[in-house]
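Structure first, commentary second.
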Amino acid sequence: MKTYTTLTLERDGQTAILTFNRPKVLNALNTMVATEGLDAVQTIGNDPAVRVLILTGAGRAFVAGADIAEMENKTPEEARIYSELGHRFMNTLQDLPQPVIAAVNGFCLGGGLEVALACDIRIAAASAQFGLPETILGIIPGWGATQRTARLAGAAKTKEMIFTGRRFSSAEALDMGLINRVVPDGELMDTVRATAALMCRQGQTALRHAKKVINQGLDLSLAEALRLEIDTFVTCFDTDDRREGMRAFVEKRKPKFSGR
Ligand code: COA
611 MKTYTTLTLE
621 RDGQTAILTF
631 NRPKVLNALN
641 TMVATEGLDA
651 VQTIGNDPAV
661 RVLILTGAGR
671 AFVAGADIAE
681 MENKTPEEAR
691 IYSELGHRFM
701 NTLQDLPQPV
711 IAAVNGFCLG
721 GGLEVALACD
731 IRIAAASAQF
741 GLPETILGII
751 PGWGATQRTA
761 RLAGAAKTKE
771 MIFTGRRFSS
781 AEALDMGLIN
791 RVVPDGELMD
801 TVRATAALMC
811 RQGQTALRHA
821 KKVINQGLDL
831 SLAEALRLEI
841 DTFVTCFDTD
851 DRREGMRAFV
861 EKRKPKFSGR
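Residue numbers (the working numbering): 611 to 870.
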């Protein structure tokens, strides 16, 4: 796999693992991380041999937010470039054809929460800590949290998070619907890999279509979204994966999907 200076990208069978790797600064997101992260995600998106992407952080943080040392000297014009780059990175992650799981191993603050929210599924270690502390720096979240948090936890919880900047636990994040599951610290990566393995067994084209319908449907009226479901359901019928999945069931064997 490609090599980066601020990230590691590894393959584990049909799964790719992207690790934020600046542990000395708790994996803070500077321009280099955003640039390399975008490149890594685009690389995965173009590699059909990768069935699932896992994101995690080295050391005691998932990501402790944007790099404040780098941000301190930014002009408004530079801030726009940084925010737009972050949005490109997050949108590419959200629209990746493959499912993406965030394995939240520690501090998940500011931009870290924004990265996790752009993933499809979030599984967190019990000791992980969450929060949107930007307002103490005199700014608002700039990589999507004002919108993605509100879509999961509602506007009132999002306002409380942003207005207070308060850190909160995995248990509270679960309660708010921000994450899917909390596991004991030592079990995080095994649980995430097992979840990825379940996804790898399923029809690849079906997962791709399901992700697209769920994501796109959220921006449509219910009637339009249900119409999109019908059209996509029909599209699935013309795939090799659909023919193989149903034939394998009838022949009482495991399906061997081609991803076509
Ligand atoms: N940007 C730049 N550097 C950061 C950082 C960030 N977001 N978060 C942590 N670091 C650096 C610290 O400056 C410190 O560097 P140093 O060893 O050179 O002093 C190192 O990472 C370790 O952090 P430290 O604060 O010593 O660890 P801690 O356990 O006492 O506290 C946090 C951990 C996460 C609570 C604290 O680092 C923090 O509040 N970070 C900023 C979080 C934030 O505001 N994020 C949103 C930014 S928009």
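A virtual CB, placed ideally from N, CA and C, is assigned to each residue, including glycine.
Rounded separation between SER644 and THR666 - CA only: In the sequence shown, counting from the first residue as 1, residue 644 sits at position 34. In the sequence shown, counting from the first residue as 1, residue 666 sits at position 56. A small correction: the amino acid at residue 644 is Ala; Ser does not occupy that position in the sequence shown. Roughly 15 Å separates the two Cα atoms.
Determine the contact status of THR702 and VAL651, defining contact as a CB-CB distance below 7 Å. Counting from one through the sequence shown, the residue named residue 702 turns up at place 92. Counting from one through the sequence shown, the residue named residue 651 turns up at place 41. Going by C-beta atoms, THR702 is nearer than 7 Å to VAL651.
Here's the rule: buried if 16 or more other CB atoms are within 10 angstroms of the residue's CB, otherwise exposed. What is SER780? The sequence position of residue 780 within the sequence shown is 170, counting from 1. Buried.
Compute the distance between the beta-carbons of ASP677 and ALA728, then report whether it is under 7 Å. Locating residue 677 in the sequence shown gives position 67, where the first residue counts as 1. Locating residue 728 in the sequence shown gives position 118, where the first residue counts as 1. Cβ atoms of ASP677 and ALA728: not closer than 7 Å.
Cβ distance (whole Å) where ALA734 is taken to contact VAL792 below 8 Å: Taking the sequence shown and counting its residues from 1, the one referred to as residue 734 is at position 124. Taking the sequence shown and counting its residues from 1, the one referred to as residue 792 is at position 182. About 5 Å; that satisfies the 8 Å criterion.
Close beta carbons around ARG632, own chain, < 6 Å, minus the five adjacent residues each side: Here residue 632 refers to the residue found at position 22 of the sequence shown. Excluding residues within five positions, the ones whose Cβ falls inside 6 Å are THR616.
If we call anything under 7 Å between Cβ atoms a contact, is GLU854 one with PHE867? As a working mapping, residue 854 is identified with position 244 in the sequence shown. As a working mapping, residue 867 is identified with position 257 in the sequence shown. A contact, by the Cβ cut-off of 7 Å.
Got a sec? Which residues, its chain only, sit under 6 Å from VAL823 by beta carbon, not counting five neighbours each side? Within the sequence shown, residue 823 is the residue found at index 213, counting from 1. Answer for VAL823: LEU838, GLU839 and THR842, listed in chain order.
Where in the stretch 637–671 do unbroken runs of the alpha helix (DSSP H), each at least 4 residues long, occur, reported from the N-terminal end onward? 641–655
C-beta atoms of GLY716 and ARG670 nearer than 7 Å: Translated into the one-based positions of the sequence shown, residue 716 becomes position 106. Translated into the one-based positions of the sequence shown, residue 670 becomes position 60. Cβ distance < 7 Å, so GLY716 and ARG670 count as in contact.
Per-residue DSSP class, three states only, for GLY871: Since the first residue of the chain shown is 611 and the last is 870, residue 871 is not available in this structure.
For SER779: DSSP bridge partner residues: Counting from 1 along the sequence shown, the entry for residue 779 is found at position 169. Note: SER779 sits in a beta bridge opposite GLN739.
Tell me which residues share the same chain as ALA712 and place their Cβ nearer than 6 Å to its Cβ, disregarding the 5 neighbours each side in the sequence. Translated into the one-based positions of the sequence shown, residue 712 becomes position 102. Cβ neighbours of ALA712 beyond the five flanking positions: LEU665, ALA726, CYS729 and ARG732.
Proximity of ALA736 and ASP800 at Cβ, strictly below 7 Å: Stepping through the sequence shown from its first residue, residue 736 is reached at position 126. Stepping through the sequence shown from its first residue, residue 800 is reached at position 190. No, the Cβ-Cβ distance between ALA736 and ASP800 is not below 7 Å.
According to the neighbour-count rule (16 or more other Cβ atoms, all chains shown, within 10 Å of its Cβ), is GLY787 buried or exposed? On the sequence shown, position 177 is the one that residue 787 refers to. Counting Cβ neighbours within 10 Å, GLY787 comes out exposed, since fewer than 16 surround it.
Considering only heavy atoms of ligand 1, does any lie closer than 6 Å to the CB of GLU724? Taking the first residue of the sequence shown as position 1, residue 724 is located at position 114. Incorrect: GLU724 has no Cβ contact closer than 6 Å to ligand 1.
If I measure Cβ to Cβ from LEU695 and keep anything under 6 Å in the same chain, skipping five residues before and after, which residues do I get? The residue given as residue 695 occupies position 85 in the sequence shown. Within the same chain, LEU695 has close Cβ partners ALA644.
Relative to ligand 1, is the shortest distance from any of its heavy atoms to the C-beta of ALA597 smaller than 6 Å? Coverage of the chain is limited to positions 611 through 870, which leaves residue 597 absent and any answer about it impossible.
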